[in-house]
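Input: a single structure, listed below in C-alpha cells.
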Amino acid sequence: MLEIKDIHIQADGKEIVHGVSLHIPEGRVVALMGPNGSGKSSLVNAVMGHPHYLITHGQVLLEGKDITRMPPHEKARNGIFLSMQNPPALSGITVSSFLRNACSALTDTVLPVLPFQNMIEVEMKKLGIDTEMAGRHVNEGFSGGEKKRLEALQLVLFKPRFALLDETDAGLDIDALRIVAESIKRASAGMGILLITHYTRILKYLTPDEVHILRDGIITRSGDRELAEEIEKEGYENEG
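Everything in the sequence shown is counted per our numbering, starting at 62 for the first residue and increasing by one.
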C-alpha cells in the first residue's frame, strides 16, 4: 500500500495542496482528475521528492513506513515510479544507455549491453516506437507522443510496485493511446497506479477502481468510473 496522508504542499512560498489523502493499494487503479492548476502534478511531484515542492504537513507511507523525506532515487529503488507531465531532455545521454543504467541501478546488476539492447527493441516494437530512438538523446527533439511512449517503455522495463502517471494520455492520438494504455495494462499486474488525467478516454483501457476530483488543492468528490463519466459530460464547473 502506498498512502498519501493529509499532505499539505508549498511551492514558491504558497500552499497549493491542502490536506489531501489517498490510498493506492497494489493491483488497483486510482484516477485523480481535475482542471488545470488544481494541484495534481504538484501532488505527485512532491510525493516523489521533487525539491521545488515542499511537504509542510502530512506523510507519504509505503507499507506503513514513513518515506516522506526519502530521496527520490531511494523511492525509485523501493518501487515507486513517476511518469512526468513534461519530462526533461537529457542531452548527451542516449535512450539505450539511460534505460540500461536505470535498470542496472534498480536491480543492483550490471546488465550486458547487447542482450539488453535486443530486449528493449522488442519492447519498443510493442509500443510502436521506431527502434532508432534507442540511439537518440533522451527526449531531445522528441514530440509529446514520443515522450509519453518512452515513459511507458520505462514503466514496462522498471516494473515498479507503484506508478504515479501524470497525464500519460497527453499528446497521444487514439491509436497511440490504445497501444500505450494496453502496454501499461500488460505491465501493471499487481501494480498500484495513481493515474492523473483530464479526460476519460484512457479510462476505457485502464478501468479505475476509484476516481477522485481535485480542485484548488483539495479533493472535492470521490467515486468510481461513473464519476469520471459525469465529469466528461458536465465538466468541472459544478465541482467544489
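Ideal Cβ placement from N, Cα and C applies to all residues, glycine included.
Best match in the options for proximity to residue i [C-alpha to C-alpha]
i: MET252; options: ALA72, ASP73, VAL81, ILE85; result: ILE85
i: PHE223; options: ILE245, HIS79, VAL241; result: ILE245
i: PHE142; options: ALA163, SER152, ASP127; result: ALA163
i: ARG138; options: ALA166, TYR266, VAL183, LEU151; result: ALA166
i: LEU83; options: LYS126, GLU76, ALA92; result: ALA92
i: LEU255; options: ASP73, MET109, LYS75, VAL78; result: MET109
i: LYS136; options: ASN200, ASN147, LEU122, GLN146; result: LEU122
i: ASP270; options: LEU288, ILE280, ARG262; result: LEU288
i: ILE77; options: ARG276, SER157, ALA150; result: ARG276
i: ILE70; options: SER157, HIS113, GLY153; result: HIS113
i: GLU201; options: ASN147, LYS220, VAL183, ARG161; result: ASN147
i: GLY140; options: ARG130, THR168, LYS75, VAL183; result: THR168
i: PRO149; options: VAL183, LEU172, THR129, SER204; result: SER204
Span of the alpha helix (DSSP H) around residue i
i: HIS134; result: 133-138
i: PHE159; result: 156-168
i: ILE181; result: 174-187
i: ALA107; result: 101-109
Under 9 Å between C-beta atoms of residue i and residue j
i: LEU226; j: LEU216; result: yes
i: ILE181; j: LEU218; result: yes
i: SER283; j: LEU267; result: no
i: TYR297; j: GLY95; result: yes
i: LEU104; j: ILE65; result: yes
i: ILE257; j: LYS126; result: no
Same chain, Cβ closer than 7 Å to residue i, five either side skipped, listed in chain order
i: VAL241; result: LEU188, LYS209, ARG210, ALA213, THR229, LEU233
i: PRO132; result: GLY110
i: SER157; result: GLN178, ILE181, ALA195, GLY196
i: GLU290; result: THR261
Run of the beta strand (DSSP E) containing residue i, from where it starts to where it stops
i: ASP67; result: 63-72
i: LYS75; result: 75-85
i: HIS118; result: 115-123
i: ALA195; result: Careful: ALA195 lies outside any beta strand (DSSP E) and carries neither H nor E.
i: VAL90; result: 90-94
i: ILE128; result: Unbroken run through ILE128: none, as it is neither H nor E.
i: ILE141; result: 141-144
Beta-carbon contacts of residue i that lie in its chain and below 6 Å, excluding the five residues immediately before and after
i: GLY206; result: GLY232, LEU233, ALA237
i: ILE279; result: HIS79
8 Å Cβ shell around residue i - same chain, five flanking residues per side excluded
i: ILE68; result: VAL78, GLY80, VAL81, SER82, LEU104, ALA107, VAL108, ILE116, HIS118, GLY119, GLN120, VAL121
i: GLU124; result: MET62
i: GLU87; result: MET62, ARG222, PHE223, GLY251, MET252, GLY253
i: THR302; result: No answer is possible for residue 302: it lies beyond the span of the chain, which begins at 62 and ends at 301.
i: ASP191; result: MET185
i: PHE159; result: LEU151, VAL199
i: GLY153; result: HIS198
i: ARG89; result: GLY253, ILE254, ASP270, GLU271
i: ASP285; result: PRO269, ASP270, GLU271, VAL272
i: GLU193; result: none
i: ALA72; result: SER103, HIS113, TYR114, LEU115
Within-9 Å CB hit, residue i to chain C
i: VAL105; result: In the structure shown, chain C cannot be found, because there is only a single protein chain.
- prompt: Going along the chain, which unbroken runs of the alpha helix (DSSP H) with 4 or more residues stay wholly within the segment 197-225?
  reply: 205-219
Ranges of the alpha helix (DSSP H) found wholly within the segment 222-288, counting only runs of at least 4: 235-248
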